[in-house]
Amino acid sequence: MYKFVLISLLLFGGTGCNVAEQDNIPTADVAANAVVPNAITAANVDQIVPLQHLGDGVMTQIALSPSDDTLVVGTTIGVYIYDDGDTAVPRDFYPTDEPVEEVAISPDGQILAVVIRPSNTT
């Protein structure tokens, strides 16, 4: 899209054609003073929530269950749990706000421990 806009500006910019007037598109002056509904402001920034994530993050830790049938992968965006050697689709995903530092599975395979350090600590 950016390439298209740039090409359009180059083509119409030198011809004297005013695209804003021609198509009733607001000019930069109007757009700068426009009130944007539902805009992000200092007053509502704490209400922002993720709707979706793209990618799987970067792997930081792995743990294999004692029975070798469950793989736990800690990443920069959460914890993935895979079953029976099928790493194509995780059984579960638990998102985290900070990167996972450690993952461990208890000897009986019943407890999963995950360590996450908030970014404001050292």
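Numbering-wise, this note's numbering comes out as the position in the sequence shown, counting from 1, plus 9. A virtual CB, placed ideally from N, CA and C, is assigned to each residue, including glycine.
**Request:** Check the C-beta distance from T79 over to D65 and give it rounded, since I have them as a contact under 8 Å.
**Result:** With 8 Å as the limit, T79 and D65 do not qualify as a contact, their Cβ atoms being about 18 Å apart.
**Item:** Local conformation of Q56 per DSSP, three classes
**Value:** helix
**F21 burial status per 10 Å Cβ neighbour count (16 or more: buried)** = Reliability fails at F21, whose pLDDT of 45 lies under 50, so the model's placement of it is uncertain and the value that follows must be treated cautiously. So F21 ends up on the exposed side.
**Message:** For K12 and D77, I'd like the C-alpha separation in whole angstroms.
**Reply:** Bear in mind that a pLDDT of 41 at K12, under 50, signals an unreliable position, so the number given afterwards is only what the model happens to contain. Each residue's Cα considered, the two are about 50 Å apart.
**Item:** Best match in G87, N47, D55 for proximity to V112 [C-alpha to C-alpha]
**Value:** G87
**Message:** Suppose only complete runs of 3+ residues qualify. What are the beta strand (DSSP E) ranges in the region 64 to 88, listed by chain order?
**Reply:** 68 to 73, 79 to 84
**Request:** Provide the residue span of the beta strand (DSSP E) that contains A113, from first to last.
**Result:** 109 to 114
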